[in-house]
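*Asks:* Here it is, the structure in full.
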Amino acid sequence: MALITGYLVQGGQMLLILLLAPLITGWVRTLKAQLLCRRGPSLLQPYRDLRKLLRKDVVLAGSASWLFRVAPYLIFAAIWVAAALVPTFASGLPFSWTADLIAIVALLGTARFFLALAGLDTGTSFGGIGASREMMIASLAEPAMLMMVFTLSLLAGTTELSAVAQFMLTADVGLRVSLALALLALVMVAIAENARIPVDNPATHLELTMVHEAMVLEYSGRHLALIELAASLKLLLYLSLLSCIFVPWGMTTAGEDLTAYLTGIAAYLAKLGLGGFLLALFETGIAKMRVFRVDQFLGAALMLGLLGALLLFVSRSL
Amino acid sequence: MHSLEFDIAHFLAGSMVVISLLLLYQDRLYALLKVFALHSLALTLAVGWQAYIQEAHHLYVTAGIALIFKAIVIPAALYRIVRRLGIHRTLEVVGGVGRDMLAGAALVALAILVMLPVTAGTDAVAREDLAFALAVVLLGLLLMVNRHNAVSLVIGFMSLENGLVLAAAGARGMPLAVEISVAFSVLIALIVIGIFLFRIRERFDSVDMQAMDAFRGERRR
Amino acid sequence: MPLPLLLSLSMILLAIGLYAILASRRASCSRQIYGISLVICVILLGMALTHLLNAAAPVTLTLPLGLPWLGAHFRLDALSAFFLIVVNLGGAVASLFALGYGQHEPAPGRVLPFYPAFLADMNLVLLADDAFTFLFAWEFMSLSSWALVMAHHREPANARAGYLYLVMACLGTLALLLAFGLLAGANGGYDFATIRTVEMTPGLAALALILALIGTGSKAGLVPLHVWLPLAHPAAPSHVSALMSGVMTKVAVYGFIRIVFDLLGEPVAWWWGGLVLALGGITAVLGVLYALMQHDLKRLLAYHTVENIGIIFIGLGLALAFQSNQMYASAALALTAALFHVLNHSLFKSLLFMGTGAVLTATGERDMERLGGLIHPMPWTALAFLIGAAAISALPPLNGFVSEWLTFQAILLTPELPQWLLKFLAPAAGALLALSAALAAACFVKAFGITFLGRPRSPAAAKAQETDRYSLAALFSLAALCLLAGILPGLVVDGLSPAVGLLNGGAQLPAQQSQPWLTLVPVADVKSSYNGLLVLLFMALSGIFAAVSIHRFASNSVRRSPAWDCGFPNASPAAQYTAGSFAQPIRRVFGSVVFQAREHVTMPPPGDGRAAQFAVQLRDPVWDCGYAPLTAAIIKISTKLNYLQYLTIRQYLSLVFGALVLLLLGIALWR
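Chains as they are written, first to last, in numbering that gives the first Met the number 0: chain A, 0 to 317; chain B, 0 to 220; chain C, 0 to 670.
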């Protein structure tokens, strides 16, 4: 019985994030608009966009191959699986041991790999420029992320995200500068990976500075819907990751009763709302940087991550 | 010792190292000054916390000096100097922030690597303070070596001095008189440097140290 | 008795090499040679597999060959069995591939005799149990592969590659010779059983380690000894390139493991691990950065081999560091990671080289700037190459990810080491490993994307045709193995256990087969686990869920239209992103520091009809800082010593006499 409930909760979490993802994107968009004293679209606009895109025909470029048509499904699947493995409202779900934090990072890498290939597939310069810049950004963001993982798992003694989250709730954590560095590095990586200002601008089209939008320029119809949904899921994934590692309070563990789950979900939603608000505030307050400043930004994230691991040796383990 | 006291001391001293690295990352003078003020603020908190856990009241005075002079007076004075010199728009021509940061991380590693084995067996707070202080000193030196602008040199020097104060506070040693005299000498150094900056500007129309190399009579043949 | 059979099969391989000399002019000869090689390799593979899986006791054999007082010793233990699997798996698939690919060989007489000999020599190196046989087989392996590199010797680049290879191979063998001399000690017992019992002083042992590192590292492609590798590996025919990159470098890794972990015994000093770890990290990042700067597909792959060797050596360095502190459980993890990566790299690198071979036969081009769009005429080759590219970029659920994950887990155990320097070196190595993995993904997006995607950039690429069935069978068998090793890593780890135990004083990883859902749990349940099977399953399920629900409930139609042209219709294929432009951001970020990359743009003024020019200048740091000063010094010294060539006969005699007296004096004083 407990097993079945566990599977149900796991499945429920997978569906929850899928349904929540466009809402978060809409939340951030609305907040950004209101911070700029515009009215902004409705919170539900991303859902409407998805519905509209799903109904439309796919217009394929003449030179597109089968890879171009398969890639959206692969990207979506990889990101959804990765997002489902991040604890949201409860830790210790039945399949939480399937992949650890390193594997989640690598799954995102799988999605990025195919997205970049899809960008190159049509043989236009826009896809190429997006793919090449995306890979440059990833070549620094991924190590920075892994260094953050390194710091966390040295501290928690595990790379399992569920176990890390549970460790963060104990008193052993303490106030460590390494954790602050890891948080900083993760935020910087999250901004870069989600194509947010100052690294990329999710709202521009047809500008030479854009990265993600340039890569998916040739996509249309249901393919574009999947890619947009995957992008929202990725944003949700990073927000969940930040909240489950650095603000794990309110999270329940698997096997609790329904009220515990409900409070867990409420706490999770509150954390997401706050995260979205901070993101909107940050994006409104800062200007986009040149592409060749991004490497310094992410290089700094990598160094912070590395420093976090080093400074760990000068903490309680003395 | 494994308690909140240690954690806070560790956190404050560690953030000084991080802010030192942030100093390396800045390429605008105003930003550099602001981050330096932050550095001094972190020093104030770190020393104040040391005063609290060691129950050494004279350290409160040290913290106060750090707050007033280093976090407020010196940055404000430099701010004015920069504005009057009209160099607030200059971008530092640095070889590459990436390389600086890499070197910085390596220096931090070196500092820890040197300090921890040497101080084995002593008090944990003193150990981590000393390790971080050495890191701050090394990073300050790196800043001084890597920058051309005279104002950045001054900042590098001041942040280095902050590291020394941190070491002194952690090592439960330095008497107050020494501390105060050091603080005043730094202040005098600031005045002297300030005057010099204007003199340099008058002579060379620039505060870029590279411009002065040409006048040493060695480089150009 | 497996050992005599293994040896006689290797001998048959040598014999068909001889037969090929006589018969290579006949058209059917190529099929015969590769067919027999395939069969023999499969038998050898099966025997090695049974030996390893049964965890059988080591078998030895002494033949009255070679040096009269020594004989030729052979031994089959778990370690050599594992590497026999790697060699013969690569050999079998390469032979299968060559059944089709070999038909296009312009000069079969230069390839066929050496190909089986090369396979036989690699087998013999793995079976050798004394220094003489080992070096003999090693040198034969170098020579036969050199002959294969020189197969198309009329191209000046190949001739230079062959020359450089020969020089580096000689240097490597010299270092190995000296290492064995040190290992054998004063009594000169050259069989490995005697060498294992010799007690060495720490200084001599360290010297032996460094010599072994030079000797085997030069063959494996460890920076800074890698310079020959990216020239020589691409020069050979593609199936031989696959063998050289995928398999021969592994034989070199075997040599290192055999000498350092087995013959030298327990590592004496902790800095051994640190040295190997640092070298591995630098090799990994430099290798992939070099690879990113290449436009020649085969050379890109060859440079990428350097990166993977770096990853293997990171694992080996960690194992040494753990062993020197008697942390055998952790050392078992690091060793497993390294050996797993040995297997993985042999799989995907062979796959990629053979895929390149298929492209080469279809288009006659290796230069990526003249390829493109090959996914349309060659969909199957493209699929196999894509799987290989994803595997080498360490993407789950394929195999490359598993070994890098294991390496990461091993790095995460390093804080328990007592030495501060090692504690600090390990996160740095972790950062380098992560950097190299991310750059590898960029590298293979470039390799696959520019070669197979987009529109054809040359007429040859436009007229390409799908490759033959043998080649496809070879490609897909490797791709399937990449996937299998990725989703069932527990089985591979269990298979590796006897070899790890042999090198690690009996300590090995806990058995993985009993884990639920075939999960990989290297240390403990609470620490880390990874399940490739479930990841694949979940990905497949959610992908199918998305596809089915979209096609059921949403639009299902597709229209074709030209790509968005930004208002410039009929853009030529040359306007696409090229390999050079794809790598430009990374070249600017990393290359400007590492390679001092400079871009020169010559833009004629308006009204001038000349074409604008763009040139990139890269400098090789290893060549500039290492080899160039070295060659300059050698030339300087040899010019100084030149006058020795113009002496009288009396002066020569007195030189010889003086040398003799000096040597005698030396002996007299030393004794």
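Using N, Cα and C, we set each Cβ at its ideal position, and we do this for glycine too.
Model, not experiment: these values are computed from the prediction.
Which whole-angstrom value is the C-beta distance of Ile226 (chain A) and Ile285 (chain A), which I expect to be below 8 Å?
*Replies:* Residue numbering aside, residue 226 (chain A) sits at position 227 when the first sequence is read from its first letter. Residue numbering aside, residue 285 (chain A) sits at position 286 when the first sequence is read from its first letter. Not a contact, Cβ separation roughly 26 Å.
*Asks:* Using three-state DSSP, classify Met0 (chain B) as helix, strand or coil.
*Replies:* In the second sequence, counting from the first residue as 1, residue 0 (chain B) sits at position 1. Residue placement at Met0 (chain B) is flagged as unreliable, the pLDDT there being 44, under the threshold of 50; the coordinate-derived value follows with that caveat. In the structure shown, Met0 (chain B) sits in coil (DSSP, three-state: anything other than H, G, I, E or B).
*Asks:* My output table needs one value for Ala632 (chain C): the three-state DSSP class, helix, strand or coil.
*Replies:* Taking the third sequence and counting its residues from 1, the one referred to as residue 632 (chain C) is at position 633. Reduced to three states, the DSSP call for Ala632 (chain C) is helix.
*Asks:* What does a CB cutoff of less than 8 Å around Pro396 (chain C) pick up in its chain, not counting 5 residues either side in sequence?
*Replies:* Residue 396 (chain C) sits at position 397 when you count from the first residue of the third sequence. So the list reads Leu482, Gly485, Ile486, Gly531, Leu532, Val534, Leu535 and Met538, once near-sequence residues are dropped.
*Asks:* Give me the residue from A:Leu280, A:Ala32, A:Glu141 and A:Ala115 with the minimum Cα distance to His211 (chain A).
*Replies:* Taking the first residue of the first sequence as position 1, residue 211 (chain A) is located at position 212. Minimum Cα distance to His211 (chain A) is reached at A:Ala115.
*Asks:* When you compare only the Cα positions, how much space is there between Leu129 (chain B) and Ile73 (chain B)?
*Replies:* Translated into positions along the second sequence, residue 129 (chain B) becomes position 130. Translated into positions along the second sequence, residue 73 (chain B) becomes position 74. Computed Cα separation, rounded: 25 Å.
*Asks:* Could one say the Cβ of Trp419 (chain C) lies closer than 8 Å to chain F's Cβ atoms, at least one of them?
*Replies:* Among the protein chains in the structure shown, which are A, B and C, there is no chain F.
*Asks:* Using C-beta distances below 6 Å, list every residue in its chain close to Gly316 (chain C), excluding the 5 sequence neighbours before and after it, in chain order.
*Replies:* The residue given as residue 316 (chain C) occupies position 317 in the third sequence. Closer than 6 Å at the Cβ level, and outside the excluded window around Gly316 (chain C), lie Gly272, Val275, Leu276 and Gly279.
*Asks:* In the DSSP assignment, find the beta strand (DSSP E) that holds Val85 (chain C) and state where it starts and stops.
*Replies:* On the third sequence, residue 85 (chain C) is found 86 positions in, with the first residue counted as 1. Run containing Val85 (chain C): none in the beta strand (DSSP E); it sits in the alpha helix (DSSP H), Ala77 to Tyr100.
*Asks:* Is it right to say Val655 (chain C) is buried, meaning 16 or more other beta carbons lie within 10 angstroms of its own, or is it exposed?
*Replies:* The count along the third sequence starts at 1 and reaches residue 655 (chain C) at position 656. Label assigned to Val655 (chain C): exposed.
*Asks:* Tell me the rounded alpha-carbon separation between Lys635 (chain C) and Pro628 (chain C).
*Replies:* Taking the third sequence and counting its residues from 1, the one referred to as residue 635 (chain C) is at position 636. Taking the third sequence and counting its residues from 1, the one referred to as residue 628 (chain C) is at position 629. So the alpha carbons of these two residues sit roughly 10 Å apart.
*Asks:* Name, please, each residue of chain B whose Cβ falls closer than 7 Å to the Cβ of Ser314 (chain A).
*Replies:* Taking the first sequence and counting its residues from 1, the one referred to as residue 314 (chain A) is at position 315. Within 7 Å Cβ-Cβ: His9.
*Asks:* Relative to the C-alpha of Leu13 (chain C), which residue among C:Leu111, C:Asn343 and C:Leu394 is closest?
*Replies:* Stepping through the third sequence from its first residue, residue 13 (chain C) is reached at position 14. Nearest of C:Leu111, C:Asn343 and C:Leu394 to Leu13 (chain C), Cα basis: C:Leu111.
*Asks:* Considering only residues of the same chain and omitting the five flanking positions on each side of Tyr33 (chain C), which have a CB-CB separation below 6 Å?
*Replies:* Indexing the third sequence from 1 puts residue 33 (chain C) at position 34. Ser94, Ala97, Leu98 and Gly101.
*Asks:* Would you identify the three-state DSSP class for Asp366 (chain C), choosing helix, strand or coil?
*Replies:* To locate residue 366 (chain C), count along the third sequence from 1; it is residue 367. Three-state DSSP puts Asp366 (chain C) in a strand.
*Asks:* Can you tell me whether Leu640 (chain C) is buried or exposed? The criterion is at least 16 other CB atoms within 10 Å of its CB, across all chains shown.
*Replies:* Residue numbering aside, residue 640 (chain C) sits at position 641 when the third sequence is read from its first letter. With fewer than 16 Cβ atoms within 10 Å of its Cβ, Leu640 (chain C) is classed as exposed.
*Asks:* Buried or exposed for Tyr253 (chain C), please, with buried defined as at least 16 other CB atoms from any protein chain shown within 10 angstroms of its CB.
*Replies:* If you number the third sequence from 1, residue 253 (chain C) lands on position 254. Under this definition Tyr253 (chain C) is a buried residue.
*Asks:* Ignoring anything shorter than 4 residues or poking outside the region 20 to 55 of chain C, list the alpha helix (DSSP H) runs there in chain order.
*Replies:* Entirely contained in the region 20 to 55 of chain C, the alpha helix (DSSP H) runs reaching 4 residues are, in chain order, 28 to 52.
*Asks:* In three-state DSSP terms, what is Ser435 (chain C)?
*Replies:* Taking the third sequence and counting its residues from 1, one reaches residue 435 (chain C) at position 436. It is helical.
*Asks:* So, are the CB atoms of Gln511 (chain C) and Leu519 (chain C) less than 8 Å apart?
*Replies:* Taking the third sequence and counting its residues from 1, one reaches residue 511 (chain C) at position 512. Taking the third sequence and counting its residues from 1, one reaches residue 519 (chain C) at position 520. Yes, these two residues count as a Cβ contact at 8 Å.
*Asks:* Give a yes or no on whether the C-beta atoms belonging to Ser496 (chain C) and Phe443 (chain C) are separated by under 8 Å.
*Replies:* Position 497 of the third sequence holds residue 496 (chain C). Position 444 of the third sequence holds residue 443 (chain C). Contact: no.
*Asks:* In the DSSP assignment, the alpha helix (DSSP H) including Ala614 (chain C) goes from what residue to what residue?
*Replies:* Stepping through the third sequence from its first residue, residue 614 (chain C) is reached at position 615. Run containing Ala614 (chain C): none in the alpha helix (DSSP H); it sits in the beta strand (DSSP E), Gln612 to Gln616.
*Asks:* Is Phe537 (chain C) near the ligand FMN, going by C-beta to nearest heavy atom under 7 Å?
*Replies:* Only the bare structure without any ligand can be found here, which leaves the ligand FMN out of the picture.
*Asks:* Would you tell me roughly how many angstroms separate the C-alpha atoms of Thr360 (chain C) and Ala179 (chain A), rounded to the nearest one?
*Replies:* In the third sequence, residue 360 (chain C) corresponds to position 361, counting from 1. In the first sequence, residue 179 (chain A) corresponds to position 180, counting from 1. Spanning the two alpha carbons is a distance of roughly 55 Å.
*Asks:* I want to verify the contact list: residues of chain A whose CB lies under 8 Å from the CB of Pro561 (chain C), in sequence order.
*Replies:* Position 562 of the third sequence, counted from the start, is the residue given in the question as residue 561 (chain C). Per Cβ cutoff of 8 Å: Ala60 and Gly61.
*Asks:* Within 10 Å of its beta-carbon, does Ala440 (chain C) have 16 or more other beta-carbons around it, so buried, or fewer, so exposed?
*Replies:* For the purposes of this step, residue 440 (chain C) is taken as residue 441 along the third sequence, with counting starting at 1. Buried.
*Asks:* For Ala125 (chain B), decide whether its Cβ has a neighbour in chain C, counting only Cβ atoms nearer than 8 Å.
*Replies:* Indexing the second sequence from 1 puts residue 125 (chain B) at position 126. Ala125 (chain B) does not count as touching chain C.
*Asks:* For Phe594 (chain C), which of helix, strand or coil comes out of DSSP?
*Replies:* As a working note, residue 594 (chain C) is residue 595 in the third sequence. Coil, per DSSP.
*Asks:* Tell me, please, whether the CB atom of Gly284 (chain A) is closer than 8 Å to any CB atom in chain B?
*Replies:* Translated into positions along the first sequence, residue 284 (chain A) becomes position 285. With 8 Å as the cut-off, Gly284 (chain A) does not count as an interface residue toward chain B.
*Asks:* In chain B, which residues lie less than 9 Å from Leu174 (chain A) when you measure between Cβ atoms?
*Replies:* In the first sequence, counting from the first residue as 1, residue 174 (chain A) sits at position 175. Within 9 Å Cβ-Cβ: Leu3, Asp6, Ile7, His9 and Phe10.
*Asks:* Using a Cβ cut-off of 7 Å, which residues of the region 532 to 563 of chain C contact any Cβ in chain A, in chain order?
*Replies:* Result list: Leu533, Val534, Phe537, Met538, Ser541, Gly542, Ala545, Ala546, Ile549, Ala553, Ser554, Ser556, Val557, Arg558, Arg559, Ser560, Pro561, Ala562 and Trp563.
*Asks:* Could you name the residues of the region 178 to 205 of chain A whose beta carbon sits closer than 8 Å to any beta carbon of chain B, in the order they occur along the chain?
*Replies:* Against chain B - using a Cβ distance shorter than 8 Å - the residues of the region 178 to 205 of chain A are Ala179 and Leu180.
*Asks:* Return the CA-CA distance between Ala143 (chain A) and Val38 (chain C), expressed in angstroms with no decimal places.
*Replies:* Residue numbering aside, residue 143 (chain A) sits at position 144 when the first sequence is read from its first letter. Residue numbering aside, residue 38 (chain C) sits at position 39 when the third sequence is read from its first letter. About 48 Å.
*Asks:* Roughly how many whole angstroms lie between the Cα atoms of Ala204 (chain C) and Ala178 (chain C)?
*Replies:* Walking along the third sequence from the start, residue 204 (chain C) turns up at place 205. Walking along the third sequence from the start, residue 178 (chain C) turns up at place 179. Cα to Cα, Ala204 (chain C) sits roughly 9 Å from Ala178 (chain C).
*Asks:* Among all the DSSP beta bridges, which residues are the ones paired with Ala277 (chain C)?
*Replies:* Along the third sequence, one-based indexing puts residue 277 (chain C) at 278. According to DSSP, Ala277 (chain C) bridges with nothing at all.
*Asks:* Within 10 angstroms of its Cβ, does Phe10 (chain B) collect 16 or more other Cβ (buried), or is it exposed?
*Replies:* Position 11 of the second sequence, counted from the start, is the residue given in the question as residue 10 (chain B). Under this definition Phe10 (chain B) is a buried residue.
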